Amino acid sequence: MSDIVKQKLWEIISRNTSATESEWLQQKGSAAPLELMTAFVAAPRFLAKKIVEVSEDEQWSLDTEIPGFSVNNWSLVRLSRVWLLTQLDPSDKSEYVKNIETLFDTAEMNELVALYAALPLLSYPDQWLFRATDAVRSNMGFVFDAIALHNPYPEKYFNELAWNQLVLKTIFNDKPIHLIEGLANRANEKLAMTLSDFAHERWAAGRSVGPQVWRLVGKFMNQALLADMQHLFESQNGDDRKAAALACSESSLPNAKYLLAKYTDLEKSVRSGELTWTQLEHS
Amino acid sequence: MCLNPNEAATNPSHFEESDETAAAHRDIAWNDYRDLIKGMRFFDPHIHMVSRTTDDYQAMHQAGIVALIEPAFWVGQPRTGLSSFKDYYSSLVGWERFRSSQFGIKHYCTMGLNSREANNEPLAEQVMEILPLYIYKEGVVGVGEIGFDDQTPAEEKYYRLQLELAKEAKLPVQIHTPHRDKKKGTERSMAIAIEHGIDPSWVIVDHNNEETVKSVLDQGFWAAFTIYPFTKMGNERMVKVVEQYGPERIMINSAADWGISDPLAIPKTAALMKMKGISDEAIRQVTYQNAIDAFGKSGQIDVSDFENGYEVDQTAKFHGNSILRGGQQPAPVKESLVIR
């Protein structure tokens, strides 16, 4: 990871800390690994409990360095922990990996959140793949969120199987999928078909599926998915009908166009750009 | 760590006499007590949630318990390796803390090597090596529960080592006092703590009874009482202790665990105290404030996290994303035959 990122993180930290706090951090950041790791753990004992303030410029420049990486709404402790991790010397790979693994092994919930949020910044990114997929298996909501939402690591390193698990579990837990980085880039046919099966199970149980999940199927429309679109067009829920219209409009299948054409108002609002997926992101 | 009812040794008490009013109240159902504690908030400074169900969490939340402390203890099945300890400690600051948050209860813990397992010396030695990793964790409000069980030399050795650890980390100490030979064990625990230069106001002596309380208070320690059916304090006896000694430096806990115990021990005792005419302020001290004052010395308790109810959404926000749902567990209708 470039020094620029460390520098930018530090700028945000220094704007959000008192002199005592930033001195403490700076001293720990340049300490030997064990002391640095202890500081990672003990950070809440030395830092104020607050959400950091990040300017738009700062956010933008972080995003330029690491697309999709953001520290918006992070607590000071989380940001400081992530910064401390960037201060660990990576030159000896086995030592570096051992230290990070130790932090993972003994981490409490907030430490796990910081560790997963830091994945896009750590050296030897392939090394953390198992940990990252393990976070997707976690039932601790905050830990799951730390890997799944606003985190560019999965898009870059997950294989298709792991990626699809991540997206499906986000949907299964009724969390907003538009907060997943790379959602459109990594859309795939297998995921679209699994989604159809999932929707059928939900419908059979008398439960519903968040309308925006259908943004994942447009490009892979087929007979089975068209039947789902038909089902959605007939839904009592207006958002379901909107989702079907948007998904059909994204398909190149003639039958999808025909189906959409039956609902002239919806077709019009999609075509005019008045209706977009953004409107369905609240639900 | 609490006594198995099967090895019950009753602690005879000066105060045990049959009291007519108390006898009459025994028949009153919990539902009738509820109104008495309406609007009260409770803090249970000793309860082992890893051994409890989600029903308990819901009942506790409903009864006004807003925060709790889960001391590290003996889980019933002896541990055979370091990893079991490690995973247990991690669960106290990880999974169990999260589970509690889902029910709107703020979860703290104390970390320590319990006295029973201190007797497995080769393992105890390894545990002492990893303990420092855990005591500095966020939300760890003390070293505990430590002290004596059989009062063996090994127990003493690890008790002393952990007192030093607490001193080093500037953490309060939560002392488990033994079930057998309690009075001597309690005195010995206190004497050793003082010998190590620990200020008694940083030490919570747990599982007191009528026989131990006076000396504990006289020496400046906090006296915790465990309301636990059959083997520890009953709550009618507890009311009398508060009547006699007042609320200062006294706190009540449930120590509910894998035995027959009651996670609602605090709200129930509060209701009983209210019925017996103990002031609201005194009730507040022994069921809420004193625990916060004692364990708050760790610097890890921020009452704004729970004093107005523990908002799950707030926490979710604090974790750096704007999802305001998916946190709290929905409450199913328990009386309904139909499960949806």
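Protein chains in written order, with the working numbering: chain A, 5 to 287; chain B, 1200 to 1539.
Glycine is no exception: its CB is placed at the ideal position from the N, C-alpha and C atoms.
Bear in mind that the values here come from a model prediction, so they are computed numbers and not experimental data.
Should K53 (chain A) be flagged as near chain B, meaning a C-beta pair shorter than 8 Å?
Taking the first sequence and counting its residues from 1, the one referred to as residue 53 (chain A) is at position 49. Closer than 8 Å to some Cβ of chain B, the Cβ of K53 (chain A) qualifies, so yes.
Below-8 Å beta-carbon distance, E112 (chain A) vs any chain B residue | Your numbering for residue 112 (chain A) matches position 108 in the first sequence. By this cut-off, E112 (chain A) is an interface position.
Quiz item: Is T137 (chain A) close to chain B, meaning its C-beta is less than 8 Å from at least one C-beta of that chain?
Solution: Locating residue 137 (chain A) in the first sequence gives position 133, where the first residue counts as 1. Cβ-Cβ to chain B under 8 Å: no for T137 (chain A).
Problem - Three-way DSSP call (helix, strand, coil) for A166 (chain A) in this model - result: Taking the first residue of the first sequence as 1, we reach residue 166 (chain A) at position 162. Three-state result, A166 (chain A): helix.
Against chain B, which members of the segment 19–46 of chain A pass a CB distance test of less than 7 Å? T42, V45 and A46
Three-state secondary structure (DSSP) of A1422 (chain B): Start at 1 with the first residue of the second sequence, and residue 1422 (chain B) comes out as number 223. In the structure shown, A1422 (chain B) sits in a strand (DSSP, three-state: E or B).
Of the choices B:K1366, B:V1415 and B:L1360, whose alpha-carbon is the least far from that of G1384 (chain B)? As a working mapping, residue 1384 (chain B) is identified with position 185 in the second sequence. That would be B:V1415, whose Cα lies nearest to the Cα of G1384 (chain B).
Item checked: Contact residues within the segment 1327–1344 of chain B, judged by C-beta distance below 9 Å to chain A -> I1329, P1331, L1332, Y1333, Y1335, K1336, E1337, G1338 and V1339
- Which residues does DSSP pair with S79 (chain A) in a beta bridge? Reading the first sequence from its first residue, position 75 is the one you call residue 79 (chain A). Paired residue(s): A:I55.
The alpha helix (DSSP H) enclosing E115 (chain A), as first and last residue numbers
Residue mapping note: residue 115 (chain A) aligns to position 111 of the first sequence, counting from 1. Per DSSP, E115 (chain A) belongs to the alpha helix (DSSP H) from M113 to A122.
- Task: Please confirm whether I1426 (chain B) and A1493 (chain B) have their CB atoms less than 8 Å apart.
- Result: Working through the second sequence from its first residue, we reach residue 1426 (chain B) at position 227. Working through the second sequence from its first residue, we reach residue 1493 (chain B) at position 294. No, these two residues do not count as a Cβ contact at 8 Å.
Per-residue DSSP class, three states only, for L1312 (chain B): Counting from one through the second sequence, the residue named residue 1312 (chain B) turns up at place 113. DSSP places L1312 (chain B) in coil when its eight states are reduced to three.
### Task
Please list the partners that P295 (chain A) has in chain B, where partner means a Cβ-to-Cβ separation under 7 Å.
What the structure shows of chain A is the stretch from 5 to 287, and residue 295 (chain A) is not part of that stretch, so it cannot be assessed.
Contact set between M144 (chain A) and chain B, taken where Cβ atoms lie within less than 8 Å
Residue 144 (chain A) sits at position 140 when you count from the first residue of the first sequence. Simply G1293, W1294 and F1297.
For a contact meaning CB atoms closer than 8 Å, what does S1283 (chain B) contact in chain A? Translated into positions along the second sequence, residue 1283 (chain B) becomes position 84. Neighbours of S1283 (chain B) on chain A: none; closest Cβ ~14 Å, over 8 Å.
request  = Could you tell me which chain A residues have their CB closer than 9 Å to the CB of S1289 (chain B), listed as they occur along the chain?
outcome  = For the purposes of this step, residue 1289 (chain B) is taken as the residue at position 90 of the second sequence. Neighbours of S1289 (chain B) on chain A, chain order: D109, T110, A111 and E112.
Applying the 10 Å Cβ sphere with the 16-neighbour rule, what's the burial state of Q91 (chain A)?
Counting from one through the first sequence, the residue named residue 91 (chain A) turns up at place 87. Q91 (chain A) is buried by the Cβ-count criterion.
Cβ-based burial, E1316 (chain B) [other Cβ within 10 Å; buried from 16]: As a first step, residue 1316 (chain B) is located in the second sequence; it is residue number 117 there, counting from the start. It counts as buried.
Practice prompt. Just the C-alpha distance for S200 (chain A) and G214 (chain A), rounded to the nearest angstrom, thanks.
Written response: The sequence position of residue 200 (chain A) within the first sequence is 196, counting from 1. The sequence position of residue 214 (chain A) within the first sequence is 210, counting from 1. So the alpha carbons of these two residues sit roughly 13 Å apart.
By Cβ distance, which residues of its chain are closer than 7 Å to L183 (chain A), with the 5 residues on each side in sequence left out?
Taking the first residue of the first sequence as position 1, residue 183 (chain A) is located at position 179. Contacts found: L153 and H154.
**Asked** Taking Cβ positions, are D1405 (chain B) and H1260 (chain B) nearer each other than 8 Å?
**Response** Residue 1405 (chain B) sits at position 206 when you count from the first residue of the second sequence. Residue 1260 (chain B) sits at position 61 when you count from the first residue of the second sequence. No.
So with CB distances below 7 Å, who are the chain A contacts of G1498 (chain B)? Position 299 of the second sequence, counting from 1, holds the residue named residue 1498 (chain B). Within 7 Å Cβ-Cβ: R49.
On the CB-based measure, 16 or more other CB atoms within 10 Å of its CB, does H1378 (chain B) come out buried or exposed?
Along the second sequence, one-based indexing puts residue 1378 (chain B) at 179. Per the 10 Å Cβ criterion, buried.
**Request:** Buried or exposed for Y157 (chain A), please, with buried defined as at least 16 other CB atoms from any protein chain shown within 10 angstroms of its CB.
**Result:** For the purposes of this step, residue 157 (chain A) is taken as residue 153 along the first sequence, with counting starting at 1. Label assigned to Y157 (chain A): buried.
Along the beta strand (DSSP E) that carries E1344 (chain B), what are the first and last residues, could you check? Position 145 of the second sequence holds residue 1344 (chain B). Looking at the DSSP string, the run of the beta strand (DSSP E) that includes E1344 (chain B) is V1339 to G1346.
Exercise for review: May I ask you to report which of helix, strand or coil DSSP gives N1489 (chain B)?
Suggested key: By 1-based counting over the second sequence, the position of residue 1489 (chain B) is 290. It is helical.
Span separating the alpha-carbon of A1221 (chain B) from that of M1437 (chain B):
Within the second sequence, numbered from 1, the residue matching residue 1221 (chain B) stands at position 22. Within the second sequence, numbered from 1, the residue matching residue 1437 (chain B) stands at position 238. Low confidence applies to A1221 (chain B): its pLDDT is 45, below 50, so where it sits in the model is not reliable enough to give any reading.
Identified DSSP bridge partners for Q1373 (chain B) = Here residue 1373 (chain B) corresponds to residue number 174 of the second sequence, with the count starting at 1. Answer is B:G1343 and B:I1403.
Q: Could you pull the start and end residues of the alpha helix (DSSP H) that L1364 (chain B) belongs to?
A: Counted from its first residue, the second sequence places residue 1364 (chain B) at position 165. Per DSSP, L1364 (chain B) belongs to the alpha helix (DSSP H) from P1352 to A1368.
- Query: What's the call for K12 (chain A), buried or exposed, on a 16-neighbour Cβ count within 10 Å?
  - Reply: If you number the first sequence from 1, residue 12 (chain A) lands on position 8. Buried, by the Cβ-count rule.
Measure the alpha-carbon distance for K179 (chain A) versus H286 (chain A) and round it to whole angstroms.
As a first step, residue 179 (chain A) is located in the first sequence; it is residue number 175 there, counting from the start. As a first step, residue 286 (chain A) is located in the first sequence; it is residue number 282 there, counting from the start. Distance between the alpha carbons of K179 (chain A) and H286 (chain A) is about 10 Å.
If you count every other CB in all the chains shown that lies within 10 Å of the CB of D1348 (chain B), and 16 or more means buried, which is it?
Mapped onto the second sequence, residue 1348 (chain B) falls at position 149. Buried.
List, in order along the chain, the chain C residues whose C-beta lies closer than 9 Å to that of D1501 (chain B)? No chain C appears in this structure, whose protein chains are A and B.
**Asked** So, is the C-beta of F73 (chain A) closer than 8 Å to a C-beta in chain B?
**Response** Numbered from 1 along the first sequence, position 69 holds the residue referred to as residue 73 (chain A). Closer than 8 Å: no.
- Query: Buried or exposed: D1456 (chain B), going by 16 or more other Cβ atoms within 10 Å of its Cβ?
  - Reply: Sequence index remark: in the second sequence, residue 1456 (chain B) carries index 257 (1-based). Burial call: buried.
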